[in-house]
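A quick write-up on the structure given underneath.
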Amino acid sequence: MFQSLRLPAAALLTAALSSTPLWAADAAKSEPVASGTFRFAAPAVQFDVSPPLRNIPIKAPPDLNFGDFFGTLMVDPDPPFKRMGPQTPDAAVQGFLGPVTVPPTIQNFNVGTGTANPPDPNGDVGPNHYVRMANASFQIFNKTGTSLFGPANINTLFTGFGGDCETENAGDPIVLYDQLADRWLLTQFSNSTGPGFFNCVALSTSGDPTGTYFRWAFPTGTFPDYPKYGIWPGAYMISTREVNAGLIGAYAIDRAEMIAGNPSPVVISFTVPVNEFSGDGLLPTDLDGDTLPPDPNTAWYIGAMDDGGAYGATQDALTIWEFSWDFVTPTNSSFEVATVLPIAPYDTIFPCDGRSCIPQPAPLGAVDILSYRQRPINRAAYRNFGSYQSIVTNQSVEAAEALGGTRWWEIRDPGADAVLYQDSTFAPGVTDGIHRWMG
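Letter by letter, the sequence shown follows residues 25 to 463 of the working numbering.
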């Protein structure tokens, strides 16, 4: 598993075919078919300002293995998802390596290793720093690869904060650099036995990730597994799998209030049931670049449908959920399916047990493909090009019998008029036998 520089699908775009499939021309978009349920609008339940991170003693990360990490989680580490029928031939496979057109690497350095399964690695880059997070640690580097802080337990960030955010090194971390405000967003969830559960959020008070942080604990309805974040001008967005309650969670937190260090920014939460339109999770859009979206208070969440999966989907498709929030009158907010985009047939249910899916060279065991959950994989990268808006995301799939591949999509002009502009399943493994997954 390689550390990502926050480019989950862009690299694939340069190597894959970029033509709209012929089958898409006749695919009619559905009308909005589902909406979320307003759950609450509530302030943060806890807040403080940290000392400079550089002055906080490091809590050294443990050497986690599969059993250690999942020992206290509220979810089954071996999901029971099985294919509902035979392998569906993938109609968009690119079975060869494209021409190498990626610009040469500017900087390349090792950002550490770990043994946690799942590792959940992610990272982001700012003007002067690179920050990486994984289960269950983080580390800060300058742009030449010199470590400035860490590796440290994630809950080092919450030293002195109190409560579950400080006492639990819970994992499922996300780090994002907010280029509009020159701030760093670092997060983890809480996974205690309740009754309260929280998204633990630390936002740097400046562009220096080794400096001070505003810190909050935001309430969730139930255990907020698999949190994914997106930056938008009007809100920091979160999606969660709250499957212990049969729900998917969507959250919007007042970004302006967080940047100002308000102790009680409002979080608006919707839920949708786990079904064909939500699958096992939705992915919030995350702004790239400096050109703002048309509406700072409306963004999108992307879901995936697999007619061979476990959620009753009747077609292979992408669902585009539109989240409009109103922090003044939260009950005016809405979360609903804007459109459903049919896609080329694919199969997300890999023939494996639990997380032991992709074979590795001996003596290593098999690793997770993360396809079976019927959800796109972090991130849903949004960019406004002026003449059009684009969202690029991806999902691990079974490209051929027992072969991992990566299906990627580019959606243009999201909302009710969204179109699937281009897509492909990047799977040169059909000719060279090498799995590609988790783009």
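The C-beta atom is built at its ideal place from N, Cα and C for all residues, glycine as well.
Inset, instruction - Mind checking which residues open and close the alpha helix (DSSP H) that includes residue 281? - result: 279-283
Legend entry - Closest residue to residue 140 among 196, 151 and 290 (Cα-Cα distance): 196
Inset, instruction - Indicate the three-state DSSP secondary structure (helix, strand or coil) for residue 447 in the structure shown. - result: strand
Legend entry - Minimum C-alpha distance to residue 461 - residue among 271, 165 and 391: 391
Inset, instruction - Evaluate the contact criterion for the region 293-307 versus the region 376-393: three or more CB pairs, one atom per stretch, below 8 Å. - result: No, because fewer than three Cβ pairs between the region 293-307 and the region 376-393 fall closer than 8 Å, the two stretches do not touch.
Inset, instruction - Give the secondary structure of residue 193 by DSSP, where H, G and I count as helix, E and B as strand, and everything else as coil. - result: coil
Inset, instruction - Please list, in chain order, all residues of the same chain as residue 169 whose beta carbon is under 6 Å from its beta carbon, the five residues on each side excluded. - result: 133
Legend entry - C-beta contact flag for residue 204 and residue 311 at 9 Å: yes
Inset, instruction - Compute the minimum distance between the beta carbon of residue 159 and the heavy atoms of the ligand FMN, and state whether it is under 8 Å. - result: Judged by which ligands are present, the structure shown has none, so any question about the ligand FMN falls away.
Inset, instruction - Give the single residue among 350, 142 and 289 whose Cα lies nearest to the Cα of residue 319. - result: 350
Inset, instruction - Go to residue 295, then tell me how far its beta strand (DSSP E) extends in each direction, as first and last residue. - result: 290-297
Inset, instruction - Could you tell me the distance, in whole angstroms, from the CA atom of residue 443 to the CA atom of residue 365? - result: 7 Å
Legend entry - Among 408, 463, 332 and 159, nearest to residue 192 - alpha-carbon criterion: Comparing alpha-carbon positions, the option among 408, 463, 332 and 159 lying closest to residue 192 turns out to be 159.
Inset, instruction - Check whether the Cβ atoms of residue 315 and residue 410 sit closer than 9 Å, and answer yes or no. - result: Yes, the Cβ-Cβ distance between residue 315 and residue 410 is below 9 Å.
Legend entry - Distance, residue 212 Cα to residue 198 Cα: 7 Å
Inset, instruction - Have a look at the DSSP bridge pairing and note the partners of residue 419. - result: According to DSSP, which records beta bridges pairwise, residue 419 is partnered with 431.
Legend entry - Where residue 402 falls: helix, strand or coil (DSSP): strand
Inset, instruction - Check residue 178 in the structure and name its three-state DSSP category. - result: In this structure, residue 178 counts as helix in the three-state DSSP scheme.
Legend entry - Residue interval of the beta strand (DSSP E) (run including residue 455): Run containing residue 455: none in the beta strand (DSSP E); it sits in the alpha helix (DSSP H), 453-456.
Legend entry - Boundaries (first-last residue) of the beta strand (DSSP E) holding residue 226: Here the beta strand (DSSP E) through residue 226 covers 221-228.
Legend entry - From 372, 361 and 367, residue whose alpha carbon lies closest to that of residue 333: It is 372.
Inset, instruction - Tell me, to the nearest whole angstrom, how far the beta carbon of residue 276 is from that of residue 259; I am working on the premise that it is less than 8 Å. - result: 4 Å
Inset, instruction - Give the DSSP-derived three-state secondary structure of residue 342 in the structure shown. - result: strand
Inset, instruction - Whole angstroms is fine: what's the gap from residue 298's alpha carbon to residue 370's? - result: C-alpha separation (whole angstroms): 20 Å.
Inset, instruction - Count the other C-beta atoms from every protein chain shown that fall within 10 angstroms of the C-beta of residue 412, then say buried if there are 16 or more, exposed otherwise. - result: exposed
Legend entry - DSSP-derived helix/strand/coil call for residue 397: coil
Inset, instruction - With a 10 Å radius around its C-beta and 16 neighbouring C-beta atoms as the bar for buried, classify residue 96 as buried or exposed. - result: The predicted model places residue 96 with a pLDDT of 42, which falls under 50 and marks its position as unreliable, so this point remains unresolved.
Legend entry - C-beta contact flag for residue 405 and residue 421 at 9 Å: no
Inset, instruction - Please confirm whether residue 238 and residue 74 have their CB atoms less than 9 Å apart. - result: Taking 9 Å as the Cβ cut-off, residue 238 and residue 74 qualify as a contacting pair.
Legend entry - Best match in 346, 234 and 219 for proximity to residue 171 [C-alpha to C-alpha]: 234
Inset, instruction - Measure the beta-carbon distance from residue 359 to residue 60 and round it to whole angstroms, keeping in mind my assumption that it falls under 8 Å. - result: Between the beta-carbon of residue 359 and that of residue 60 there is about 4 Å, and that keeps the pair under the 8 Å contact cut.
Legend entry - Contacting residues, own chain, Cβ-Cβ under 7 Å from residue 202 (five flanking each side not counted): 209 and 255
Inset, instruction - Throw me the rounded Cβ distance for the residue 226 and residue 181 pair, which I believe falls under 8 Å. - result: 5 Å
Inset, instruction - Please classify residue 199: does DSSP put it in a helix, a strand, or coil? - result: Note: residue 199 maps to strand in three-state DSSP.
Legend entry - Of the residues 216, 363 and 399, the one placed nearest residue 436, counting alpha carbons only: 363
Legend entry - Spatial distance of residue 342 from residue 329 (CA atoms): 6 Å
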